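Asker: What follows is a single structure, and I will ask about it in a moment.
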C-alpha cells in the first residue's frame, strides 16, 4: 500500500498473519460453531415483483422486510472499468420484499432519482444519503415505513460515511487530505446535524466512525507524506467519543492495515484477509495483515481466524448482519471466531447485484448483465443453525 485511500476508493483487499502484538484467541466465546452444517443451504430466487431491472439500487432492512429503492436502468459496469452513466436512466421507484411470506409490495417512490445511496435504520426510520442523478448537492432523505412516506432533510455539511447502532446516527468525513473533515451527529427530533469536537488522532485518512458499545469510535490512519511507503505501514488508529461527557479518548493502536470496519456482536471487524509487506521499494520489517477484530469492552485486538484467507475468484461484499459478518464467501462470528461457508453465488461473474443484510437473511437485487429483473435471498439459519427468528 503506497498511496492514500480516500472514502471514494473504499474497497475489498485481497496469507493471513496474526495481528502483531495481538491475541489470536477470543476473550469470551459466545458459542462454539456448528460442527455439522445443515443440508444443502442454497440461494432462492425471489418471486417476480414490481421493480424493473437495475444496478446500484439501495437495499436496506426495515426491521421486518427489505426496501429496494432507486438505482440505474443500465447494465453493470465491467470489473475495473470506469463507466459513464446516463442521468436519464436513474430511477425513483421502490418496493419492499418480505422474506418470510416471499412477497413484494410497491412502496412510495424516492423524491429524487438516486443510485448507490447509503442507508441507515435509526429508531424505525430509514435514512438515505446520496447524490442526485444530475450530480448536484447531496440529498438526505428519511423514509417512514409505517406511513410509506419520504421526507427531505438537511444534508450534513460535508457528507461522508453514515454509521448507526439503530439509535444514534453519525457521519464521518473520509479524509483530511483536502482540509479538515467534518464529523457530525444527527438529531432526529430537530432534523439537524451538529459537528463533533476535533478528534485526538489529528490529520488522517481512511476515516470512519462506528457506533459500538455506547460510544462513537473513529478509525483512521495518520496523514503523512508517504503513508505505506517511506513513512512505513499506515496502521489503523482508534479514538472513542463519549456521548455523555462529550470527550474523546485515544484507544490502543493496532498493527493492521485495513479500512472500512464493520460492527457485529459489539466488536469492530476489519474482515479482509491477506496483508502487505511494503514491496521492494520501501519494504516493511514483515507482512502486516489487513484484517483484525477490536473489542472495545476490554481494549483487546485479535487476529482474524485462519479460515479467512484470500479466495481468488470469490467476489463477496463485506456485510454485517448485526451479529455476524460476511467476507470472501464466509460467515464470521467475531466473538467465537467460528466461520461458516456460504453457498456458491447463483449470479455470474459479470453481474453486480446490490446486497442487503438482516439478522436472518441476505438479499440481492438487480445487477444482471442481461438486464433481467433478478433477485436472490439466502436464509442464514440454513448456514448457521443457531440464529433466532426474524426480528429477534
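Residue numbers (mature numbering (1 follows the signal peptide of the UniProt record, and there is no 0)): -24 to -1, 1 to 368.
Here a beta-carbon is modelled for each residue, glycine too, at the ideal position from N, C-alpha and C.
Remember, predicted model here, so these are calculated numbers, not experimental data.
1. Indicate the three-state DSSP secondary structure (helix, strand or coil) for residue 356 in the structure shown.
2. Can you tell me the Cα-Cα spacing of residue 41 and residue 286, whole angstroms?
3. What residues in its chain sit with their C-beta under 6 angstroms from that of residue 370, if we drop five residues either side in the sequence?
4. Here's a check: name, in chain order, each residue in its chain whose Cβ is nearer than 6 angstroms to the Cβ of residue 116, leaving out the five neighbours to either side.
5. Look at the alpha carbon of residue 186 and the alpha carbon of residue 239, and state the distance between them as a whole number of angstroms.
6. Give me whichever residues DSSP pairs with residue 36 in a beta bridge.
7. Considering only the beta carbon of each residue, do residue 171 and residue 158 sit closer than 8 angstroms?
8. Quick one: using the 10 Å Cβ neighbour count with 16 as the cut-off for buried, is residue 180 buried or exposed?
9. Going along the chain, which unbroken runs of the beta strand (DSSP E) with 3 or more residues stay wholly within the segment 267 to 352?
10. On the DSSP bridge list, what partners appear for residue 185?
11. Let's test the definition: count the other Cβ atoms within 10 Å of the Cβ of residue 261 and tell me whether it reaches 16, buried, or not, exposed.
12. Looking only at its own chain, which residues have a Cβ that is under 6 angstroms from the Cβ of residue 335, when we skip the five neighbours before and after it?
13. Tell me whether residue 379 sits in a helix, a strand or coil according to DSSP, three-state version.
14. Would the segment 242 to 251 and the segment 220 to 229 be scored as touching if the rule is three or more Cβ pairs under 8 angstroms?
15. Determine the direct distance from the alpha carbon of residue 303 to that of residue -2, and round the result to whole angstroms.
16. Using only alpha-carbon positions, find the residue among 194, 208 and 217 that is nearest to residue 237.
17. Which whole-angstrom value describes the C-beta separation of residue 281 and residue 315, a residue pair presumed to lie in contact below a C-beta threshold of 8 angstroms?
18. Output the distance between the C-alpha atoms of residue 100 and residue 208, rounded to the nearest integer angstrom.
19. Identify, in the order they occur along the chain, each residue of the same chain with its Cβ nearer than 7 angstroms to the Cβ of residue 84, setting aside the five sequence neighbours on each side.
20. Mind checking whether residue 308 and residue 21 have CB atoms under 8 angstroms apart?
21. Opposite residue 217 in the DSSP bridges: which residues?
22. Return helix, strand or coil for residue 63, following the three-state DSSP convention.
23. Mind listing, in chain order, the continuous beta strand (DSSP E) runs of no fewer than 3 residues lying wholly within the segment 143 to 168?
24. Kindly indicate which residue of 49, 34 and 36 has the alpha-carbon position closest to the one of residue 344.
25. Going by DSSP in three states, residue 94 sits in which element: helix, strand or coil?
Answerer: So, from the listed chains and residues:
1. helix
2. 32 angstroms
3. A query on residue 370 cannot be resolved here, the shown segment of the chain reaching from -24 to 368 and no further.
4. 105, 129 and 131
5. 7 angstroms
6. 43
7. yes
8. buried
9. 268 to 271, 276 to 278, 301 to 303, 306 to 308, 315 to 317, 330 to 333 and 337 to 341
10. 194
11. exposed
12. 297 and 298
13. Given a span of -24 to 368 for the chain in the structure shown, any question on residue 379 remains unanswerable.
14. no
15. Here residue -2 scores only 41 on pLDDT, less than 50, and its place in the model should not be relied on; the value that follows carries that caveat. Near 21 angstroms, if we compare the C-alpha coordinates of residue 303 and residue -2.
16. 194
17. 6 angstroms
18. 44 angstroms
19. 70, 124, 125 and 126
20. no
21. 192 and 224
22. helix
23. 145 to 148 and 159 to 163
24. 49
25. strand
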